[in-house]
Every structure is written in structure tokens, then in C-alpha cells.
Amino acid sequence: MTEFRRGIRLGIDVGRARVGVARSDPDGVLAVPVETVPRKREPVRRIAALAAEYEAFEVLVGLPLNLRGEDTPSTTDARRFAEQLASALPIPVRLVDERLSTVSAHGVLREAGRSQRDSRSIVDQVAAVVLLQQALDVERQSGEPAGPAVSPGQEPA
1 MTEFRRGIRL
11 GIDVGRARVG
21 VARSDPDGVL
31 AVPVETVPRK
41 REPVRRIAAL
51 AAEYEAFEVL
61 VGLPLNLRGE
71 DTPSTTDARR
81 FAEQLASALP
91 IPVRLVDERL
101 STVSAHGVLR
111 EAGRSQRDSR
121 SIVDQVAAVV
131 LLQQALDVER
141 QSGEPAGPAV
151 SPGQEPA
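The structure is reproduced here in C-alpha cells:
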């Protein structure tokens, strides 16, 4: 077991139309929303710019497995996106289990009084916050980074 690694991390929720981005504070206590990046506007380039701007040392991409832990078409898409990020970034990219993060995000927004229609532009950011916070909590409890690293130029496992 290792100590909790200090530094800013980005959390990425990959959707078909949008990519939600969140970041942690340097102590890894709190995840906060950053922005929603449209998929059609070079999202990898924008995320690379955000990683540089926030001086992130790691990017955590949500892996949307089904409730049985199996891959879905969205899982394949997230793996490909993570591989593209790993090829474009000089920092590690990890895949983290994000089952139910979007469902949790919709619940949080509903509790805040926002309809699903009104939440479209931010639900991906909130889902990124949820998955990043879960990953921070896992690392804090276990002392090990959450999720496997993605190697540049390879399809992630």
C-alpha cells in the first residue's frame, strides 16, 4: 500500500455527444465540475489543454460497465477515448469503474430542482465529479490508484 498521491486529477465522463470534465483540488479531497466539451469539437485537444492549465498529474476516464460488470457499446467508446487521451497526454490516464455515475448525477440535479431537459448541458460534468470523487475515495481508503493505467498506442484492457 502506498500513501495518497497529492496533486490535481481530471475526471472524464465520456458521452456520445458531450464529455464532462471535473478536477480535484491538490489534496484530492474534493472534485468539482470544470466544463462540458462537445464531442464534435476535438475533445482530446481540449482536455489536453485543461490538463496543462490545471497542471494535472493524472486523468481518470469513467468506464461505463453494465450492472453485471460487463462491457457495453459505451464501454468500448470510453476505452477508445481513453486510448486517444493516453496517446495525446504526457501524464497517466486510468480507467475507473463508473457504474451509475450518470444515474447519480441525474439524481443530484433532480434534487436540486433541475429537470432532465434543463440539465443536459451540465449532467456530464456532474457525472465526471461523481466518478472522480469515487476514485479519490478509493485511493484514499486503499492507498492505491483507482483503476488500471491505459498505455499510449494500445487498446486499453
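All residue numbers for the sequence shown refer to UniProt numbering, where the first residue is 1 and numbers rise by one.
Where is the CB? At the ideal position from N, CA and C, for every residue including glycine.
A quick note: this is a predicted structure, and the numbers were derived from the prediction, not measured.
Contact under 9 Å by Cβ, residue i with residue j
i	j	result
P152	E55	no
P43	V37	yes
A31	A146	no
P136	V29	As written in the sequence, residue 136 is Leu, which differs from the Pro given in the question. Yes; because the gap between Cβ atoms is below 9 Å, this pair is in contact.
F4	R140	yes
T76	L65	no
Exposure label - residue i; buried when at least 16 CB within 10 Å
i	result
E144	exposed
V130	buried
A49	exposed
D71	exposed
R68	exposed
A78	buried
E98	buried
R23	buried
Same chain, Cβ closer than 6 Å to residue i, five either side skipped, listed in chain order
i	result
P92	E58 and A149
R16	none
Of the listed residues the options, nearest to residue i (C-alpha basis)
i	options	result
A52	R18, G7, E111 and V138	G7
Q133	A17, E111 and D25	D25
V19	T76, R5, S142 and V123	V123
I47	D97, E98 and Q125	Q125
S85	R45, T75 and R16	The sequence as given places Leu at residue 85; Ser does not occur at that position. Of R45, T75 and R16, the residue nearest in Cα terms is R45.
residue 180	V96, F81 and E111	Residue 180 is absent from the model: the chain starts at 1 and stops at 157.
Own chain, CB closer than 7 Å to residue i, minus 5 neighbours either side, in chain order
i	result
D27	R6
V138	A146
L89	A48, A51 and V59
Cβ of residue i within 9 Å of any chain B Cβ
i	result
E58	Any reference to chain B falls outside this structure, which holds one protein chain only.
*Any 3 or more C-beta pairs closer than 8 Å across the region 11-22 and the region 50-65*: yes
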